[in-house]
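One structure is given below, encoded as C-alpha cells.
Protein chains in written order, with our numbering: chain D, 340 to 578; chain E, 4 to 481.
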C-alpha cells in the first residue's frame, strides 16, 4: 500500500550547507509521525520540501506515491499546512481569514461550516468576528487549525504546532490531532517538544544536523516512553 | 470570482483598514480634485481672455484714424496664443514661453506674459497642475500602497500559507497587480473627466483619449516597478527606500540632468544673445527709415531703370515706401534665418531631452503629455512662425500702401508743419489689410504623430517592467 508521505534518501543543500542528508522515512495513512530535533536540525526544511517550496538536491519526496516536484500543485492540494507562527492576517477576522484561504484553495465553505470548525478547535464564538491582531498566540493557532480542518485534505503537516500554547490548549490540541488521525488523516509534525511528541505521535524520529539518527514507535495501546526518547535526544544532541 | 480578483479584494480590505493608506489616498485625491478645478478655471479664463484680447486688438487696429502708413507699422498689433482645450490638464510650456507677441515693423519681439515671469511672489514654485500631480505624486501613492504588498506576505509568513493553498507566485503577483490596476483605474477617473470636459471645449476625442491612455501606461509602469520591487526585495524598509530612490531618480534627478545635458550638447543662444549677434548683420542691410542710405543705391538704380526715369522724385510711386518694403523683406529674411536657427536648436534640445525618456518614464510621459495637449515647444514655435507671417503680411501691406497711396513730395515734407503732417496721411480704409488671426492647435493626428517617440518609449518601459514582474513572480520562494 502506498504511504501518503515518503522521503527517499532525501538530501537538501542550502547556500552550500547540507540541511538534510540522506533522510528516508514514510508515514502511513492515519499515522502521526513526529520529527524531533533541535534548532537547525532540518525539521521545517523537511516539511517545506514536502510542500514543494524547497527542491531536494538528491533523493525525492512523494505525496500519495507521486513525486512532489513532478506536480507541486497536486501535492499541495492533498496537504493542509500549519506553519509555526500560525501565519494569518491580523487585519482580518477569523471568518474573513478562513473564507479567503479556502477560496484560494478552491473550497467553498458556508458560515455554518466555519462555525463547526471553530467549535472543534474551541475558538470562542465572540472572538470569531474580531480581527486577529487582537488574538493571543493560542487563538491564532486555533484559527489556523480550523483552516487545516476545513481543507479536508488527507495529509496534515504541522510545524511546531504547540509552540507558545498554554498547557490546557496543548492538551486540547493533542486530542484534536489524535481525533484527526483516527479519522484517517496522515499527520507529520515537527517539534522540539519531546514530551508533546511522545504524548501524541505513533512514531517519533530524531533528526540531528540533517540526519535521521533514531526512531521510536509506540507499542499498541501505549504511548512512546518519554524518558527513553528524551535520553536518546539528549545523547544525540550532546554527541 | 477569479483568484486574481479575490487576492485584489483582500488587498483592498487591507488598504481600507489602514489609516496611513486611506489618509495618503485622500490627500492625493483632494489635491487632485482641487488642482483640477483650479486649473480648469484658470485655463478657461485665460482662453476667453486671450480670444477677447485678440478680437479687441484687431478692432483697435481697424479703428485707427487716418495716419501716415509707417506710423501704423510701428503702432503694431498683437497675436495671442489661446490655451488649447487640453491645457486644462497640461498647461505645458505655456507658463515659460509666454502667450502673446507684440507685432511691429522691423522687429521680431519675444512672446510675453509667461506665468513664471509674472509669479515672482510665489517663491519660485511653479503652479501645481493636474499633469504634474499625475506625473509626480501618483507614483508616490503607488509606492506607499504597493512597496510591501508582496514582501509583507513573506515577512508575516502568510506567503507559505498562500502558496500551500495551491496558489503560485505568478497567480499572487497577478492578484496584487489587479489590486494596483484598480487603484490606477480609480485615479484615472479625474483625468477622464477633465479629458471629457476638454472635448466639450472642442478638443478631439482622439487626442483626449490618447492622453488618458498615455497616463494609464505611465501609471502601469510605476505599478509594475513597485510590484517587482515588492517581490524581489525582502525587507520593507529597503523596498520603500529603493522605490523612493527610483522615484527621485526618475522624477527629479534625470529630468534635471536631461535639461543640462541637452543644453550642453546643443548650445542654443537665447533670444537676447542671438539678437545681439543679429544686430551686427542687420546694420549691413541699411536703415529702412533712411531712403538715402547707401545700402539702397543698387535698389534705386533698378527702380529708376524699371520706371525709366532719372530721379526718385519722378517715380510714379513713393520711393520711401519702396525702400521700406524692400528693407522689411531683407530684414525679415535675416530675422527669420536667425529665428529658424534658434528654433531648430531648441527643437534639437527638445528631441534630445525626449530621448532621456529611456532613463525615466516621467520624462516620456511629460513629453507625450505636452505634445498630445498641444502645449509643447513645437506648438509654440508654430505660433511664433504664424504670428511672424501675420506681422510680415500687414507690415508689407502697409509699406505697399506707403509706396502707392502717399505722394513722395507730401511724405518728404510731412515734418514741416501740422498741415503737412495732416497731408501725409492715408485713409483709414487701408488698415483693413490686417488678417484675422486665430491660433489653433495642430490636428489630433499631427499631435499623436509627434508623440510617437515618447509613447513608444512608454510602451517599451511597460514591456520591460512587466517582464521583470513575470520573471520575479516565477522565482517566488518562501
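Yeah, the Cβ is synthetic: ideal placement off N, Cα and C, and Gly gets one too.
Quick caveat: nothing in here was measured; it's all calculated off a predicted structure.
Helix, strand or coil for residue i per DSSP?
i	result
residue 120 of chain E	Because residue 120 of chain E sits at a pLDDT of 49, beneath the cut-off of 50, its placement in the model cannot be relied upon, and the following sentence gives the value as read from the coordinates. The answer is helix: DSSP assigns residue 120 of chain E an H, G or I state.
residue 474 of chain D	coil
residue 7 of chain E	helix
residue 463 of chain D	coil
residue 527 of chain D	strand
residue 252 of chain E	helix
residue 420 of chain D	strand
residue 498 of chain D	strand
residue 153 of chain E	coil
residue 126 of chain E	Its pLDDT being 44, under 50, residue 126 of chain E is placed unreliably by the model, and the measurement read from it follows with that caveat. Residue 126 of chain E: coil per DSSP, three-state reduction.
residue 429 of chain E	strand
residue 550 of chain D	strand
residue 449 of chain D	coil
residue 561 of chain D	coil
residue 207 of chain E	coil
residue 478 of chain E	coil
residue 482 of chain D	helix
residue 470 of chain E	helix
residue 522 of chain D	coil
residue 166 of chain E	helix
residue 383 of chain D	helix
residue 160 of chain E	coil
residue 412 of chain D	helix
residue 289 of chain E	coil
residue 1 of chain E	Residue 1 of chain E lies beyond the residue range present for chain E, which begins at 4 and ends at 481; the question has no answer from this structure.
residue 148 of chain E	helix
residue 295 of chain E	coil
residue 505 of chain D	coil
Hey, quick one: how far does the beta strand (DSSP E) through residue i stretch, first residue to last?
i	result
residue 363 of chain D	356-366
residue 353 of chain D	344-353
residue 373 of chain D	371-375
So what does residue i bridge to, in DSSP terms?
i	result
residue 105 of chain E	E:81
residue 555 of chain D	D:543
residue 402 of chain D	D:344, D:405
residue 114 of chain E	E:104
residue 397 of chain D	D:350
residue 70 of chain E	E:429
residue 432 of chain D	D:470
Using only alpha-carbon positions, find the residue among the options that is nearest to residue i.
i	options	result
residue 484 of chain D	D:521, D:424, D:532	D:424
residue 436 of chain E	E:79, E:455, E:16, E:19	E:79
residue 464 of chain E	E:266, E:132, E:223, E:477	E:223
residue 93 of chain E	E:22, E:478, E:233, E:41	E:41
residue 480 of chain D	D:505, D:543, D:492	D:505
residue 459 of chain D	D:411, D:404, D:486	D:486
residue 77 of chain E	E:404, E:384, E:165, E:398	E:398
residue 30 of chain E	E:245, E:143, E:258, E:75	E:143
residue 416 of chain D	D:437, D:390, D:515	D:390
residue 432 of chain E	E:38, E:165, E:71, E:10	E:71
residue 511 of chain D	D:491, D:441, D:539, D:372	D:539
residue 363 of chain D	D:428, D:346, D:403	D:346
residue 323 of chain E	E:296, E:337, E:336	E:296
residue 289 of chain E	E:360, E:301, E:26, E:278	E:301
residue 15 of chain E	E:95, E:394, E:181	E:181
residue 404 of chain D	D:574, D:469, D:341	D:341
residue 1 of chain E	E:229, E:246, E:410	With chain E represented from 4 up to 481, any question about residue 1 of chain E goes unanswered, as that position is not in the structure.
residue 431 of chain D	D:474, D:354, D:379, D:386	D:474
residue 95 of chain E	E:374, E:481, E:423	E:374
Locate the alpha helix (DSSP H) running through residue i, then write down its first and last residues.
i	result
residue 35 of chain E	22-65
residue 177 of chain E	172-203
residue 260 of chain E	257-268
residue 379 of chain E	From DSSP, residue 379 of chain E is part of no alpha helix (DSSP H); its letter is neither H nor E.
residue 326 of chain E	322-358
residue 315 of chain E	No alpha helix (DSSP H) contains residue 315 of chain E, which DSSP labels as neither H nor E.
residue 452 of chain E	447-453
residue 309 of chain E	300-310
residue 412 of chain E	411-415
Check your understanding: Listed from N- to C-terminal order along the chain, which residues in the stretch 145-165 of chain E have their beta-carbon within a distance smaller than 7 angstroms of any beta-carbon of chain D?
Key -> Taking 7 angstroms as the cut-off between beta carbons, the residues of the stretch 145-165 of chain E near chain D are 159, 160, 161, 163, 164, 165, in sequence order.
**Study point:** Interface residues of the stretch 232-252 of chain E facing chain D [CB-CB below 8 angstroms]
**Key:** Cβ contacts with chain D come from no residue of the stretch 232-252 of chain E.
Exercise for review: Could you please tell me which residues of the stretch 8-19 of chain E, in chain order, have their CB closer than 8 angstroms to any CB of chain D?
Suggested key: Cβ contacts with chain D: 9, 10, 13, 16, 17.
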